[in-house]
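2 protein chains.
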Amino acid sequence: VERGWNVKFFDVTRALFKDELVYPGDCHPSFIQEDRGNYLISDLHLSSHSGTHIDAPVHYLKKGPTIDKVPLDNLIGKCRVIDLHKTGPVITAGDLEGQIEGIERLLIKTSFSGTDKFVEDYPCLDRTAANKISDNKIRCIGIDSPSIESYNCTGEVHRILLATGCVIIELLDLSGVDEGEYEMIALPLRMTGVDGSPARVVLREIAGDS
Amino acid sequence: VERGWNVKFFDVTRALFKDELVYPGDCHPSFIQEDRGNYLISDLHLSSHSGTHIDAPVHYLKKGPTIDKVPLDNLIGKCRVIDLHKTGPVITAGDLEGQIEGIERLLIKTSFSGTDKFVEDYPCLDRTAANKISDNKIRCIGIDSPSIESYNCTGEVHRILLATGCVIIELLDLSGVDEGEYEMIALPLRMTGVDGSPARVVLREIAGDS
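These protein sequences, in sequence, are chains V and R.
Sequential numbering from 188 applies to the first sequence in my numbering.
Sequential numbering from 188 applies to the second sequence in my numbering.
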């Protein structure tokens, strides 16, 4: 938590390092630092889905936009955090009832925040929850678990969400934030043609609150 | 240029792709995409100083903070863009006279924005300019050229700036923005222990303006 320009920032990004939790089958991050005498520089090897990251629509939709084409407007603006750590592991439309109407960006806090080990029954959305989010025209949905969709999934939940242009943020760390309204800033790298990107995601109190 | 939440965003990040301008000696970005049938995923190979990027103090100061320790407050907040495209290539304290007093973050637009090829005489700061920025306690300085310091440099300009905790953004694309006051959001990846990071940098109009 930091204070600046009269507001408080919450960094909801997981630290990226070589032993960071990795989705089974994805590459492990590596940073190889070189001392060139006068300065240090590093070679970075990452997956497009390492650590806290954003899925571009093309991740699951062959003709969907790539990460560099995701509008900044999906990624920056008012956001609601809801706490469903007592729900699940499968989150349904019923669990979202009365909590997401009229909002544009949604982050779901589950029991996974603060966890360092991958488990197959991580919290995730089912198709009814995905349809409800899609029907509400939410343009960005984030979760603190390794994926928005169950392990060994078909991709249906991803496709329902991505088809409406909703971007998906996965593996956030929401352990330090409470339910409520924030401004979110979620910035992926501007990589041409890529299916996703590690991202930095920050929340700040809305000026005038607190 | 995009509009959202009643403000206009300017993306001042260079697109990252395999043929993006690279500082001599640094690795070329590569993205290797794999089609896993159900979805696409990519292996990313980057330098900590690829494309638009942020130098952490440890890049040139052995005991300086790493990129994950740079305060968000240095990276988010009011920012002034000044246009020095008619100056240089070497920018001196005199060129900054009367333009940087009382500000916290500064981006310098030079003749390099919009350029795709590396040249050895790119625009840069000399030690007098670095000292003036340091004396003014500016906490973030950005430039659109490949480095804040001349080619074949000693690192002195970097060290003067970084020693005061000022972070340095290099290789911005400021071709689409005019001189003036903005809010800057400059977010590197949260990589533990690394000397710098590719970053996404966005400016937005300050609410109430225009």
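Glycine included, C-beta positions come from ideal geometry on N, C-alpha and C.
*Is it right to say valine 389 of chain R is buried, meaning 16 or more other beta carbons lie within 10 angstroms of its own, or is it exposed?*
So valine 389 of chain R counts as buried.
What's the gap between the Cα of threonine 253 of chain R and the Cα of aspartate 382 of chain R?
5 angstroms
Can you find a CB in chain R that lies within less than 8 angstroms of the CB of tyrosine 369 of chain V?
For tyrosine 369 of chain V, the closest Cβ of chain R is not nearer than 8 angstroms.
In the DSSP assignment, what residue or residues form a beta bridge with aspartate 331 of chain V? Aspartate 331 of chain V pairs with nothing; no bridge assigned.
Beta-carbon proximity of aspartate 360 of chain V to aspartate 331 of chain V, cut-off 8 angstroms | yes
message = Between aspartate 198 of chain V and chain R, is any beta-carbon pair separated by less than 8 angstroms?
response = yes
### Query
Where does histidine 403 of chain R fall in DSSP's three states?
There is simply no residue 403 of chain R to check, as chain R begins at 188 and stops at 397 in what is shown.
Is there a Cβ from chain V that is less than 8 angstroms from the Cβ of leucine 294 of chain R?
-> no
request  = Step through the CB atoms of chain V and report whether any lies within less than 8 angstroms of the CB of phenylalanine 218 of chain R.
outcome  = Taking a beta-carbon distance threshold of 8 angstroms, phenylalanine 218 of chain R counts as an interface residue toward chain V.
Check: Thinking C-beta only, is leucine 208 of chain R closer than 8 angstroms to proline 385 of chain R?
Finding: In this structure, leucine 208 of chain R does not lie closer than 8 angstroms to proline 385 of chain R by Cβ.
Practice prompt. Report yes or no: do three or more beta-carbon pairs, one from the segment 366-374 of chain V and one from the segment 224-235 of chain R, lie closer than 8 angstroms?
Written response: no
Flag this pair as touching only if the segment 320-337 of chain V and the segment 271-290 of chain V have three or more C-beta atom pairs under 8 angstroms; answer yes or no.
-> yes
Is there a C-beta anywhere in chain R that falls below 8 angstroms from the one on aspartate 282 of chain V? no
Q) If we ignore side chains and look at the alpha-carbon of each, how far apart do lysine 273 of chain R and serine 362 of chain R end up? A) 14 angstroms
key: Stretch-stretch touch, CB-based, cutoff 8 angstroms, three pairs: the segment 265-283 of chain V with the segment 240-253 of chain V   = no
Worksheet item: In three-state DSSP terms, what is isoleucine 263 of chain R?
Response: strand
Exercise. Of all Cβ atoms in chain V, is any one closer than 8 angstroms to the Cβ of alanine 317 of chain R?
Worked result: no
> Which bits of chain R does asparagine 225 of chain V rub up against, with CB to CB less than 7 angstroms?
Replying inline: For asparagine 225 of chain V, the C-beta contacts it makes with chain R under 7 angstroms involve Gly342, in order along the chain.
- Query: Considering only C-alpha positions, which residue in the set V:Ile278, V:Leu349 and V:Ile219 is nearest to threonine 297 of chain V?
  - Reply: V:Ile278
*Closest Cα partner of arginine 377 of chain V within the set R:His215, R:Cys214, R:Thr239 and R:Arg292*: Among R:His215, R:Cys214, R:Thr239 and R:Arg292, the Cα nearest to that of arginine 377 of chain V belongs to R:Thr239.
In angstroms with no decimal places, state the Cα-to-Cα distance between serine 235 of chain V and isoleucine 325 of chain V. 23 angstroms
Practice task
Label serine 300 of chain R either buried or exposed according to how many other C-beta atoms from any shown protein chain fall within 10 Å of its C-beta, with 16 as the threshold for buried.
Solution key: Residue burial annotation: serine 300 of chain R is buried, with at least 16 other C-beta atoms found within 10 angstroms of its C-beta.
| said: So that I know if they touch, is there some Cβ in chain R lying closer than 8 angstroms to that of alanine 350 of chain V? | reply: Judged by the 8 angstroms Cβ criterion, alanine 350 of chain V is not in contact with chain R.
Open item on the list: I'd like the list of long-range same chain contacts for isoleucine 219 of chain R, defined as Cβ closer than 7 angstroms, with 5 residues on each side in sequence excluded.
Closed with: Result list for isoleucine 219 of chain R: Ser229 and Asp230, in chain order.
(message) Beta-carbon within less than 8 angstroms of aspartate 213 of chain V's beta-carbon, same chain only, minus the 5 sequence neighbours each way: which residues are those?
(response) Ser234, His236 and Ser237
Near-chain R residues of the segment 225-248 of chain V (beta-carbon distance less than 7 angstroms), N- to C-terminal order | Asn225, Tyr226, Leu227, Ile228, Ser229, Asp230, Leu231, His232, Leu233, Ser234, Ser235, His236, Val245, His246 and Tyr247
For a contact defined as C-beta to C-beta under 9 angstroms, what are the partners of proline 375 of chain R on chain V?
Those within 9 angstroms of proline 375 of chain R in chain V are Arg387.
ask   = What's the gap between the Cα of alanine 373 of chain R and the Cα of serine 217 of chain R?
value = CA-CA distance, alanine 373 of chain R to serine 217 of chain R, rounds to 23 angstroms.
For this session: Could you tell me whether the Cβ atoms of leucine 348 of chain V and isoleucine 328 of chain V are closer together than 8 angstroms?
Result: Cβ atoms of leucine 348 of chain V and isoleucine 328 of chain V: closer than 8 angstroms.
* Asked: Does the beta carbon of phenylalanine 204 of chain V come closer than 8 angstroms to any beta carbon on chain R?
  -> yes
Please state whether DSSP places isoleucine 278 of chain V in a helix, a strand or coil. Looking at isoleucine 278 of chain V - three-state DSSP - the assignment turns out to be strand.
Handout entry: Residue from R:Lys250, R:Asp206, R:Tyr309 and R:Glu221 whose Cα sits closest to the Cα of histidine 215 of chain R
Key = R:Asp206
ask   = Along the chain, where does the alpha helix (DSSP H) that runs through arginine 314 of chain V open and close?
value = Run containing arginine 314 of chain V: 314-322, per the alpha helix (DSSP H) assignment.
Start and end of the beta strand (DSSP E) containing arginine 223 of chain R?
Segment: none, arginine 223 of chain R is in no beta strand (DSSP E) and carries neither H nor E.
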